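If you're matching them up, the sequences are chains A and B in order. Take the first sequence: its position 105, counting from 1, is numbered 105 in the working numbering, and each next residue is one higher. Every number in the working numbering is 1000 more than the matching position in the second sequence, counting from 1.
There are 2 protein chains.
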Amino acid sequence: MTDESRSRAQEITQRAIASFDDCASERLMTIMKSLTYHLHQFAKEVSLTTEEWMAGIDFLMATGKISSDKRNEFILLSDLLGLSSLQVAINERADEATESTVLGPFFVEGAKVFQNGADISNGAQGEATYVSITISDSAGEAISGVAVDVWGADADGFYDVQYKGDKLFNRGRFLSDDEGKVSFWSILPVAYPVPSDGPGGELLRATSRSNMRPAHIHFALAKEGFRQVVTHLFVDGDPYLGRDAVFGERDSLVCKFHRASGDETATEAKLQTSHYEIQHNFTMARI
Amino acid sequence: MTDESRSRAQEITQRAIASFDDCASERLMTIMKSLTYHLHQFAKEVSLTTEEWMAGIDFLMATGKISSDKRNEFILLSDLLGLSSLQVAINERADEATESTVLGPFFVEGAKVFQNGADISNGAQGEATYVSITISDSAGEAISGVAVDVWGADADGFYDVQYKGDKLFNRGRFLSDDEGKVSFWSILPVAYPVPSDGPGGELLRATSRSNMRPAHIHFALAKEGFRQVVTHLFVDGDPYLGRDAVFGERDSLVCKFHRASGDETATEAKLQTSHYEIQHNFTMARI
């Protein structure tokens, strides 16, 4: 940059930041000024060329184009740049609540409600896994009536919404019972690559980054009066733990998925054959 | 932020930046590491909440949704945040070439080619304006065969592509003649608001920012062997000069649009009636 172009760049940055001076919301003013400042710092630091700027615009246009009600590629980008995980860390409280991690791009509002003990796999390929969780507050008291959203990929590493058609699988909503318990049949999660058919995958390929996420099941727990918990349970022993493409692992969220040999005397057919079992206690903090 | 959450945030930032360590392209590595660093700096500086992060994702999703082959809302956002104008300033060279400014969201590839002297307005409302330009190199030598793209809004402040339907107006491509000249009939540009029906307009309203751009005609000049010039000519005296919503003004690009009373003896009918005239010399730098 020449001196003249540097001083013009400086002037443009100042004008762009000052353009938010009249914003009525102080919080929005703070956010927009900081965003503008850091965006400009980035462009100046790398001396962004016109071609690179245009490539960035094209990348965002492609991200918008592949996104839909069932696929949020902007969340994937946020995940891949570590922004989602950072945002979770920034908002972590110093309490006993279960740690949160990234929401991911495949959460769907209004999932089907199941009764405890139901099988949510809906025909998805994968090894049968019985999940039982309990939810309590910081004092250990069971919390009933918690809405628990659960979603996960199939044995091929794809979520229902990644397939053509409208069939949903391995996704559901439960309510915790009087003992704070939720239980259901799902399938054993496997490590899988993040979607590679869009700009997110293109970014990973162009930068020689791993596209793998360690195996996990998604949970979102919500009840009025308690802080929401959006998290995963990871499978202990997964080779991708510690190098999650979206930086989502937390030690406290790694669980043992036990292999259970069938119990021939069990009343439920599924329990009679070999399957996996997992048990986990979630803690929610009152607000 | 608690100490623990601060140290976790720090770790996530480091991991996200380090994830680009294996990028084969050194330039792309530099860009992605800087982008990640500054994006994280922003989120930490404002302690971005989960709701604010989700609002940002929703905003980008809406930006993608309203964008199309004929409308690039991401360019508008880049314009409104001053990034487009900054990028132009960063890439400005210390030579005699005509100053550049923002491309804007309404450039269309492959515009119709016209002969010199043609009327490109195609029925668009506005006061008839005769534009004549000459293109020369730094030594003052005329440059022939320069492809000159021209586009502008109508008297209501809208570009052709902002209307429903496929009709294009006030847009065309010319080739400079042996004397480096291009001339055409267009319409007098007026100050206009940037599009208000999408996320860009929403951002301006939410932050009480002006949505006005001073009147201008867009030009893009290209010829092999010369550095491209993407610029505007602004109308001298426009009240919005100095407070352009996209920070695009340059003193050297402000031109006098003269009112010409009709010349009854002229051979061309348009010249016989009252109209505006503008003359400008563009300079292109050899590369």
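Note that CB positions come from ideal geometry on N, CA and C, so glycine has one too. As the structure is a prediction and not an experimental result, all values here were calculated from the model.
Under the rule that 16 or more other beta-carbon atoms within 10 Å means buried, what is residue i, buried or exposed?
| i | result |
| --- | --- |
| A/V113 | exposed |
| B/P1239 | exposed |
| B/G1145 | exposed |
| A/T267 | exposed |
| A/Q87 | buried |
| A/D21 | exposed |
| A/T265 | exposed |
| A/S7 | exposed |
| B/N1072 | buried |
| A/D3 | exposed |
| A/G82 | buried |
| A/A89 | buried |
| B/D1079 | buried |
| A/D149 | buried |
| B/A1018 | exposed |
| A/M54 | exposed |
| B/K1167 | exposed |
| A/S34 | buried |
According to DSSP, residue i sits in a beta bridge with which residue or residues?
| i | result |
| --- | --- |
| B/H1280 | B/I1133 |
| A/L233 | A/I217 |
| A/D95 | Looking at the DSSP assignment, A/D95 forms no beta bridge with any residue, so it has no partner. |
| B/G1172 | B/V1150 |
| A/D119 | A/W185 |
| A/V113 | A/R173 |
| B/Y1192 | B/R1213 |
| A/F226 | A/R286 |
| A/A9 | According to DSSP, which records beta bridges pairwise, A/A9 is partnered with nothing at all. |
| A/V254 | A/F234 |
| B/H1275 | B/A1260 |
| B/A1128 | B/I1187 |
| B/A1142 | B/S1136 |
Looking only at its chain, what residues have a beta carbon closer than 8 Å to the beta carbon of residue i, apart from the 5 residues adjacent to it on each side?
| i | result |
| --- | --- |
| B/I1287 | G1225, F1226 and R1227 |
| A/Y290 | There is no way to answer for residue 290 of chain A, as the model of chain A reaches only from 1 to 287. |
| A/N91 | S100 |
| B/S1274 | R1259, A1260, S1261 and G1262 |
| A/K270 | D119, A128, Y130 and W185 |
Spatial neighbours of residue i within its chain, please: C-beta separation below 6 Å, excluding the five flanking residues on both sides.
| i | result |
| --- | --- |
| A/I75 | P105 |
| A/D95 | A285 |
| B/D1244 | R1213 and P1214 |
| A/S85 | V102, F247 and G248 |
| A/H280 | I133, L233 and C255 |
| A/G117 | S183 |
| A/M32 | F20 |
| B/F1107 | none |
| B/A1191 | M1212, P1214, A1215, D1238 and Y1240 |
Determine the extent of the alpha helix (DSSP H) in which residue i is found, giving its start and end residues.
| i | result |
| --- | --- |
| A/L83 | L83 to I90 |
| B/A1024 | Unbroken run through B/A1024: none, as it is neither H nor E. |
| A/R205 | P199 to A206 |
| B/A1260 | First-last for B/A1260: H1258 to A1260, but that is the beta strand (DSSP E), not the alpha helix (DSSP H). |
| B/I1057 | T1050 to I1066 |
| B/S1078 | E1073 to L1080 |
| A/A269 | A269 to Q272 |
Could you name the residues of the same chain whose beta carbon sits closer than 7 Å to that of residue i, not counting the 5 residues immediately before and after it, in chain order?
| i | result |
| --- | --- |
| A/P189 | G152, A153, A215, H216, I217 and V235 |
| B/S1121 | F1169, N1170, W1185, S1186 and I1187 |
| A/A147 | R173, L175, A222 and K223 |
| A/R250 | E99 and T101 |
| B/N1000 | Past the boundaries of the shown model lies residue 1000 of chain B; chain B is included only from 1001 to 1287, so the question cannot be answered. |
| B/A1097 | R1227, V1229, T1283, M1284 and A1285 |
| A/Q272 | G262, D263, E264 and A266 |
> How about the stretch 1198-1210 of chain B and the stretch 1250-1263 of chain B: do they share at least three Cβ pairs that are nearer than 8 Å?
Replying inline: no
> Any chance the stretch 1132-1146 of chain B sits against the stretch 1177-1186 of chain B, with 3 or more Cβ pairs inside 8 Å?
Replying inline: yes
> Between the stretch 61-69 of chain A and the stretch 1058-1077 of chain B, are three or more C-beta pairs nearer than 8 Å?
Replying inline: yes
> Any chance the stretch 157-166 of chain A sits against the stretch 1016-1036 of chain B, with 3 or more Cβ pairs inside 8 Å?
Replying inline: no
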